[in-house]
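When the letters of the sequence shown are read in order and numbered with my numbering, they come out as residues 1134 to 1609.
To start, the structure itself, in structure tokens.
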Amino acid sequence: MTTARRSSQVCQKWRELIIQSPVIWAKIIDLGILARKKGEWRNEILRRTGETTLCITGPLDWTKSAVYFCTLLARHWERIQKLDVWVSNFPCSGNSSTVPTLLADTLACPAPALEFLRILTSESTPDKSIIPLCPPIPDHVSAPWIPQLRAITVYEGMDSLALLAKTPLLELLRIEPSCCTLRAEKHLNTSRIDLPRLNTITTVQSFRDIPFILDSINTAPHCALQLICHDSMKCITNGSNDIPALKSLLKRYSDGYFNLGDVQELRFYLTECQFYLRTDLKPAPDGMIFDFAAYTGRLPTMVPSLIMASVGSSQLHSVTTLQIDIFPDIAALHYDIMNFFLACPSVQSIQPNQIAFEVLYAFTKDRHVVFPSLCTLVIAGGYFLTRSSQVKYADEVLLFLKLRESIGFPLSLLNLADCSSNRTEDFEYWDKSAKVNIRRRNGLCVSRTGLTIGFEQCHSCGIAQILDVGFFYTRP
1134 MTTARRSSQV CQKWRELIIQ SPVIWAKIID LGILARKKGE WRNEILRRTG ETTLCITGPL
1194 DWTKSAVYFC TLLARHWERI QKLDVWVSNF PCSGNSSTVP TLLADTLACP APALEFLRIL
1254 TSESTPDKSI IPLCPPIPDH VSAPWIPQLR AITVYEGMDS LALLAKTPLL ELLRIEPSCC
1314 TLRAEKHLNT SRIDLPRLNT ITTVQSFRDI PFILDSINTA PHCALQLICH DSMKCITNGS
1374 NDIPALKSLL KRYSDGYFNL GDVQELRFYL TECQFYLRTD LKPAPDGMIF DFAAYTGRLP
1434 TMVPSLIMAS VGSSQLHSVT TLQIDIFPDI AALHYDIMNF FLACPSVQSI QPNQIAFEVL
1494 YAFTKDRHVV FPSLCTLVIA GGYFLTRSSQ VKYADEVLLF LKLRESIGFP LSLLNLADCS
1554 SNRTEDFEYW DKSAKVNIRR RNGLCVSRTG LTIGFEQCHS CGIAQILDVG FFYTRP
């Protein structure tokens, strides 16, 4: 909003253009700035919005601007398309809050333009967690604007099924952690709720509460499930009846998502206490995520085994890039990991950490053909290795390349671009030893610049040294 105001002061032509564009002003209303200004300036900003639908966002100090906030909503409620506000210094008592009568009355009125509504509050003390003030859904699931919402966050205390049953246009659903079990809300003999536009579900729940929502709704076929479960060990055991109950649910969502055929990147992360699977190497708001972790102790092997089996049975043929991070000790899951790898026949590029590479090397050494389309092995930096481990790792890389060639599935590129060594002797060793093209860290290319001194080979030159993971290797 400040940028728009200053842009309107550059020159007369800019001023006319910006001031006469109601959409610009209507979509950038910053409540924090607006609440601090005088009445005349506030009125001028709102006048410039014309009759366009409003997007109001920003922070608000309740002790200073409560009256203005409630009055603003009351006057423009029918024009508001998006309301996303964080309220500080709101008077709370425990986990309950008192909504002013004017605000409550406004929220009970029709809002024909409303698509997004979020008003969060917190007490002024930093140890108090943010709690929801609005929408007052626990008692107002019949509010006339509920069916228009495209995105909803379900908090503790809400009757989530009653709410979802009234949101046929819902596209994004987020379920926040609850102190009490969600199962208590489930109605007997309730049929599934149809949400045909729902394409993303993010749920942050305890292990036992996960199936509740997922088993109660029918979503769009391609719905991306973002399942985050960090729980105590007493709730996650190999003998838990809740684990098998997840199998059909995970398979249903995985099949629908991967059947689109456009998932090309997959991140696979496995430790003793956490299993993490994500469909994009970079965080994406609409990607699929399965994140299970135990607060203390080991995550039961049945959990990652179940997820790998559910996802691996889907159509993973479109995945071409796979990043794998495995940490000890996961010996009991080697068979499950291999089956998961076998479900990804189109992988062309793989980036493993050291232990993940050793697992892949062991599979190949036993003559198991995983990733038949693999052509690129990426060795990235960031892992500390002792000198003996460096030599062993480098030897295994060479043996792996030779093994792949011997079984008829040779690689064409060893990608070392994310490592950091620039030793000439390393370059010479790997150039002579590896029978594949080698890509190194990006630098200025001698062949392109015409210079002969002070420059390293670039990616496109096809030869380089193995670079740190961190390790370097020189011939003894």
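Cβ atoms here follow ideal geometry from the backbone N, Cα and C, with glycine treated the same way.
Residue of the options minimising C-alpha distance to residue i
i: S1198; options: G1191, R1169, I1470 and D1528; result: R1169
i: N1548; options: K1525, L1507 and G1541; result: L1507
i: E1405; options: N1392, F1425, G1420 and E1398; result: F1425
i: A1527; options: S1539, E1538, A1513 and I1540; result: A1513
i: R1385; options: V1396, P1155, A1495 and A1442; result: A1442
i: V1511; options: G1541, C1242, N1570 and K1215; result: N1570
i: V1287; options: L1250, C1144 and D1499; result: L1250
i: I1161; options: Q1214, V1200 and S1446; result: Q1214
i: S1566; options: E1529, F1542 and D1163; result: E1529
i: G1430; options: S1446, D1462, P1416 and G1445; result: D1462
i: Q1407; options: Q1397, L1466 and F1496; result: L1466
Same chain, Cβ closer than 7 Å to residue i, five either side skipped, listed in chain order
i: R1325; result: S1349, I1350 and N1351
i: S1479; result: H1450, S1451, V1452, T1453 and S1506
i: I1347; result: For the sequence presented, residue 1347 should be read as Leu rather than Ile. Same-chain partners within the cutoff: L1382.
i: L1475; result: V1503
i: I1343; result: T1336, L1360, C1362 and L1379
Short Cβ contact (8 Å threshold) for residue i with residue j
i: F1296; j: I1285; result: It is worth fixing the name first, because residue 1296 is Leu in this sequence and not Phe. In contact: L1296 and I1285 (Cβ atoms closer than 8 Å).
i: G1191; j: V1218; result: yes
i: L1379; j: I1334; result: no
i: P1610; j: T1300; result: Residue 1610 is absent from the structure shown; the chain starts at 1134 and stops at 1609.
i: L1236; j: H1209; result: no
i: S1539; j: T1509; result: no
i: P1354; j: G1394; result: no
i: A1427; j: D1364; result: yes
i: R1537; j: L1544; result: yes
i: R1212; j: A1246; result: yes
i: L1216; j: I1252; result: yes
i: Q1484; j: Q1456; result: yes
i: Q1338; j: M1421; result: no
i: S1221; j: W1195; result: yes
i: C1362; j: F1345; result: no
Other residues of its chain near residue i: CB distance less than 6 Å, five sequence neighbours each side excluded
i: R1175; result: L1167
i: W1278; result: A1244 and L1247
i: F1423; result: L1360, L1410 and I1440
Same chain, Cβ closer than 8 Å to residue i, neighbours up to 5 away in sequence not counted
i: T1239; result: C1203, L1206, A1207 and W1210
i: D1419; result: N1332, T1333 and A1357
i: C1144; result: none
i: L1534; result: L1510, P1543, L1544, L1547, A1567, K1568 and V1569
### Query
For the 8 Å Cβ check, are there 3 or more pairs between the region 1421 to 1437 and the region 1488 to 1500?
The region 1421 to 1437 and the region 1488 to 1500 do not touch, with fewer than 3 CB-CB distances between them shorter than 8 Å.
#### Entry: Secondary structure, alpha helix (DSSP H): runs of 4+ residues fully inside the region 1200 to 1249
Counting whole runs of 4 or more residues, the region 1200 to 1249 contains the alpha helix (DSSP H) stretches 1234 to 1240.
### Query
Should the region 1410 to 1420 be called in touch with the region 1388 to 1402, which here means at least 3 C-beta pairs below 8 Å?
Yes: at least three Cβ pairs fall under 8 Å.
### Task
Kindly provide the ranges of any beta strand (DSSP E) runs that are 3 or more residues long and lie completely inside the region 1477 to 1535, ordered along the chain.
Runs found: 1482 to 1485 and 1509 to 1511.
### Query
Curious, which full-length beta strand (DSSP E) runs of at least 3 residues does the region 1395 to 1470 contain?
Whole beta strand (DSSP E) segments, 3+ residues: 1398 to 1403, 1407 to 1411, 1422 to 1427 and 1454 to 1459.
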